[in-house]
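Here the structure comes first, spelled out in structure tokens, and everything after it is commentary.
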Amino acid sequence: MSSKQTFSELISKITSDLGWSDFGPKIKIERPSRREHGDFSSNVAMVLSKSLGKPPREVAQIVVDEINKLGMEHLDRAEIAGPGFVNVHLNTSWLQDVLQEVVLAGQSTWATDDLGQGEKVQIEFVSANPTGPIHVGNGWWAAYGDSLARILSRCGWKVSKEYYVNDTGGQIRRLGESLIARKMGEIPSEDGYQGAYVTELANHYQGPMEISEAGRFAAEKILDGIKDTLRRIGVEFDSWYSQASIEEGGAVQETIDTLRASGLVYDQEGAVWLASSTLGDNRDRVLVKSNGDVTYTGGDLAYHRDKFLIRGFERVIDIFGADHHGQVATLKAGVKALEIDPDKLEIKLGQMISLVGGAMSKRSGNFVSLDSLLDDIGPDAMRLMSLINSIDQATVLDIDLVKKTTSENPVYYVQYAHARISSINRKADSQGIERISLDEVDFSLLTHDGELELLRILEEFPDILREAANERVPFKITTWVRKLAGQFHSFYHDFKVISPDLDPQLVQARLYLVEATRIGLGVGLDLLGVGAPEEM
RNA sequence: GCGCUCGUAGCUCAACGGAUAGAGCAUCUGACUUCGGAUCAGAGGGUUGGGGGUUCGAAUCCCUCCGAGCGCGCCA
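What the first sequence shows, in our numbering, is residues 17 to 552, in sequence order.
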């Protein structure tokens, strides 16, 4: 059990022993941001002060007395601070436990969790229309979705990653028209696709001068390109789900039949409508047009029914660009109509990525492709940069600046820390230094704050991971990795690991300290999908 | 007009209802004859968009105003 849990349970025991109220959610255990406030802190006294009719500091005194009476492993002292915080200071021996735990568990099992309890979750992301290469914004949300999948997997969810391929409808027709136009040496119409890639495709097109055939050809080729691009940043999908297969397989009709039976569908002016306004949407939506075509909404609803009711996902996370947030209420209303708990459908909206030079538009062909950015800065830098901030934050990207600051990009900072550790290990090997077994190392030799701080940071990680999983916020992993790397660089500057001038016992302890750090960086970088190089 | 998201240092962004609002970049000043200087140490920089409210305590929750992005199709 971690020291944090030990402390948490101690506080819980004290409050129940004293017959105070339940250990409710308002009572929290925190890691104070200031060292002088101890290793762990609780607000228990302030929360209970009112119901007990005593001032917070007086309540805190009672708790502190109880802690001193009951004791706690590694406890140095408990004290009251500020408005009534109960702070505990631990002996550094608790950090020695942390070190051994990390090394013993190793990269594959340290900081794993069963938070998800095997829940089957599908994460759908990117799903960009196959009408052109994916752009930088798609790449950012792809990195988010993929990293979230890695995080949830590590925390005990059964994750499946899916890309919904929008291979039907008017846009594919327009794509076909544009290709034919280029083939005939003409310029595509204004609402067609004008990008150079269409001309490129036209040069390779051998099929008949027929719109649907040309559209299918182009979409297929473009999708192949999208797959290649995503592979460059390490994003692999478990399934590519075709919208055409939904529409052709009768799923839409089944969905409509079900809804009609519950009275949530009606016919008007030759079209089939969903009464979504009764379910939280701001208007009703057409599912089937009067010409018999299925609308996007109709297909999307059948698709989500398929996810939950046919394929049996217990939870679905859709990641959309913020420009699609108009779909949220409709989709929520739709699943509700199908008697699926709308809370099981989570829709994360990635805020827009805009460019200093102007907006990104596929139709005009005036946009920065993810490929070109990758050519400039490489996949690791791209992934880390996209995972630095919350996706709730709209981002303005200055491509020129990104290229220019490549050498001072945060990715190198973190990877360099990992490479330096690998370098230390190589040196130890080349000098023939044998590692003694873990239980024979005297970790009490690690006494400097620069050493212990590494362990304090490592100790936080399991909680950070849970938070990243629960709140769907991969960027917290990024923040943590950067913090650990920063502390390592500082340590590296101040302390030698291998030196004939050092006590061989201390060398052993530091080699393990550095190994624990390497494991931490390795786990964090892996969750972000960023490489952990041994040399740079 | 209605809805969603957001507004924090010069810039890009953190902050689980908690203690003196923190990082990176940029700026300025410094640092190894050593395991990789793609590094380290320090400094300056804030009325958390404005105004009310809730409470022991608000950047955070509620109301209102201001500002920004996006959406409001029988497009996808």
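Heads up, the beta-carbon is just placed ideally off N, CA and C, and yes, glycines get one too.
Fill in: Enclosing beta strand (DSSP E) for Y180 [first to last residue]
K174 to V181
Worksheet item: DSSP puts I335 in a beta bridge; with which residues?
Response: K364
Discussion item. As an exercise, report each continuous beta strand (DSSP E) stretch of at least 3 residues that is fully enclosed by the region 213 to 281, in chain order.
Written reply: 255 to 258
Worksheet entry | Length at least 3, wholly inside the region 285 to 325: the beta strand (DSSP E) runs in chain order | 287 to 290 and 301 to 304
Worksheet item: Counting pairs of beta carbons, one from the region 338 to 352 and one from the region 204 to 211, are three or more of them closer than 8 Å?
Response: no
Worksheet item: Relative to the C-alpha of S370, which residue among L543, R482 and V384 is closest?
Response: V384
Worksheet item: How big is the Cα-Cα spacing for L91 and H105?
Response: 6 Å
Worksheet item: Identify the residues that DSSP records as bridge partners of S57: which are they?
Response: E46 and N103
Worksheet entry | Among F459, W157 and S515, nearest to F409 - alpha-carbon criterion | Note on identity: in this sequence residue 409 is Gln, with Phe being the wrong assignment. Ranking F459, W157 and S515 by Cα distance to Q409 puts W157 first.
Fill in: S385 (DSSP reduced to helix, strand or coil)
strand
Discussion item. Please state the DSSP three-state secondary structure of H90.
Written reply: coil
Worksheet entry | Per-residue DSSP class, three states only, for K378 | For K378, the predicted model reports a pLDDT of 49, less than 50, meaning its position is unreliable; a value from the coordinates is still stated below. Coil, per DSSP.
Worksheet item: Quick one: what's S370 bridged to in DSSP?
Response: V412
Worksheet item: In its own chain, which residues sit with a C-beta less than 8 Å from the C-beta of N107, not counting the 5 before and 5 after it?
Response: H90, L91 and D92
Item to complete: Compare the C-alpha of Y213 against each of S194, E229 and G223 and name the closest.
Response: S194
Fill in: 8 Å contact criterion, which M62 and P72 should meet: CB distance rounded
5 Å
Item to complete: For the alpha helix (DSSP H) containing I188, list its first residue and its last residue.
Response: G186 to K199
Item to complete: Quick one: using the 10 Å Cβ neighbour count with 16 as the cut-off for buried, is M17 buried or exposed?
Response: exposed
Discussion item. Beta-carbon within less than 6 Å of V412's beta-carbon, same chain only, minus the 5 sequence neighbours each way: which residues are those?
Written reply: S370
Discussion item. Tell me the rounded alpha-carbon separation between Q112 and E531.
Written reply: 13 Å
Worksheet entry | Distance between G279 and V546 (C-alpha atoms, nearest Å) | 50 Å
Practice prompt. May I ask you to list the residues that DSSP assigns as paired with I139?
Written response: K177 and I333
Worksheet item: Which residues share a DSSP beta bridge with A97?
Response: F101
Discussion item. On the criterion of 16 or more Cβ atoms from any shown chain inside 10 Å, does K443 qualify as buried, or is it exposed?
Written reply: exposed
Fill in: L115 beta carbon less than 7 Å from that of L471
yes
Practice prompt. Give me whichever residues DSSP pairs with D283 in a beta bridge.
Written response: V288
Worksheet entry | Residues that DSSP places opposite H151 in a beta bridge | S385
Discussion item. On the CB-based measure, 16 or more other CB atoms within 10 Å of its CB, does T294 come out buried or exposed?
Written reply: exposed
Worksheet entry | For Y160 and P490, believed in contact at Cβ under 8 Å, the rounded distance | 6 Å
Discussion item. According to DSSP, simplified to helix, strand and coil, what is Y432?
Written reply: helix
Item to complete: Counting only the same chain and skipping the five closest in sequence on each side, list residues whose C-beta sits under 8 Å from that of E467.
Response: F507, F511, R526 and L529
Worksheet entry | Candidates F477, H505 and R399, of which the one nearest G155 by Cα | R399
Worksheet item: With DSSP run on the structure shown, which of helix, strand or coil describes V144?
Response: The sequence given here has Ala at residue 144, not Val. Looking at A144 - three-state DSSP - the assignment turns out to be coil, as it is neither helix nor strand.
Worksheet item: Who are the near neighbours of E95 in its chain, counting only those whose CB is closer than 6 Å to its CB and skipping five residues on each side?
Response: N103
Fill in: S380 versus Q343: straight-line alpha-carbon distance, rounded
Note that S380 scores a pLDDT of 43, beneath 50, so its modelled location is shaky; the value from the coordinates is reported in the next line. The alpha-carbon atoms of S380 and Q343 are separated by roughly 24 Å.
Worksheet item: What separation, rounded to the nearest whole angstrom, lies between the Cα atoms of G308 and A230?
Response: 23 Å
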